[in-house]
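Participant: Numbering (this note's numbering), first residue to last: 11 to 240.
Submitted below is the structure of interest, expressed as structure tokens.
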Amino acid sequence: IALSVFLVLLVTPSFSFWSTGHMIVSRIAYEEIKNKDPSLLAKIQSEIDVLKQYSKEKDHSFVESAVWADDNKEIAFNAMDGWHFMNTPVIDPDFHDDIYKEKMNVSWSIYQMKSTLTNKNKPSFDSNLALSFAWRYLIHLVGDIHQPLHASTYYSKQFPSGDKGGNDFKLVYPDNKDITNLHALWDACVDQYGSMFAPLNSTEWSALSAFAFNLTSVYPRLKVQDRVSV
């Protein structure tokens with residue numbers, strides 16, 4: 011039940027998704043869980059913090075942990091790269107080749123993290139490390155799956171193997187040289203309000219919180235409730 015409450019609160023009306031976007035998602039979830047069930051928040055927080063020493067996080071680890079799964083890529087910890095997306099095919103009418111469908115995708119990995127967190131067996135060892143890992147990835151992956159180009163890939167004669175969620179769809183974006191493809195454009199759309207990274211300083215925390223609160227006032231949960239399914 012606790013995990014179901016967490017997931018419903020985590021699925022928030024938000025934008026996409028470099029570090030700023032991911033932390034906005036978790037900031038909204040943090041506030042809603044705090045208001046609905048402070049004891050649940052304390053439990054999740056304590057489990058997340060088991061791996062805090064292996065992160066950049068400081069004073070706001072619940073929110074900052076939302077980018078831990080991406081930060082791990084900096085050390086070539088790439089075994090879970092396929093967990094962040096799923097290639098739901100968007101097929102050009104003129105494309106008729108067979109399409110490979112991966113099995114270990116973001117939907118699969120969310121299910122695996124949920125299974126870890128709802129496991130009723132009592133292990134003969136301290137399982138907090140596994141729980142911390144699962145919370146951190148779950149928070150991140152629920153954000154990923156709501157970015158359209160983490161959930162689809164385009165197949166055509168130009169992209170017979172798919173465009174890798176827009177990564178192979180190249181473009182030039184004069185305002186940001188780091189945006190070189192369609193996927194990055196989606197990922198960066200919140201960064202127009204400022205790129206933020208863990209650890210957050212007090213100014214960044216205030217700005218992130220203000221953006222999150224404004225977002226939930228414009229799109230209150232009741233307005234999007236029919237879209238939420240866990």
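Where is the CB? At the ideal position from N, CA and C, for every residue including glycine.
1) Are residue 141 and residue 57 closer than 9 Å when you measure CB to CB?
2) Could you tell me which of 169, 150 and 145 sits nearest to residue 160, measuring between CA atoms?
3) Quick check on residue 105: does DSSP put it in helix, strand or coil?
4) Residues bridged to residue 162 by DSSP?
5) Counting only runs of 3+ residues fully inside the segment 34–117, write out the beta strand (DSSP E) ranges in chain order.
6) To the nearest angstrom, how far is the alpha carbon of residue 120 from that of residue 181?
7) Between residue 32 and the rest of its own chain, which residues show a CB-CB distance below 7 Å, the 5 nearest in sequence each way excluded?
8) Assuming contact is defined by CB atoms lying nearer than 9 Å, are residue 34 and residue 221 in contact in what I supplied?
9) Alpha carbon to alpha carbon, what distance is there between residue 111 and residue 213?
10) For the 8 Å Cβ check, are there 3 or more pairs between the segment 183–192 and the segment 121–129?
11) Pull up the distance between the alpha-carbon of residue 226 and that of residue 232, whole angstroms please.
12) Note down the Cα distance separating residue 7 from residue 92, rounded to an integer number of angstroms.
13) State yes or no: is the C-beta of residue 100 within less than 9 Å of the C-beta of residue 40?
14) Is it right to say residue 94 is buried, meaning 16 or more other beta carbons lie within 10 angstroms of its own, or is it exposed?
Facilitator: Let me lay it out:
1) yes
2) 150
3) coil
4) 98
5) 98–101
6) 31 Å
7) 76, 77, 150 and 153
8) yes
9) 44 Å
10) no
11) 10 Å
12) Here the chain covers residues 11 to 240 and nothing more, so residue 7 does not appear.
13) no
14) buried
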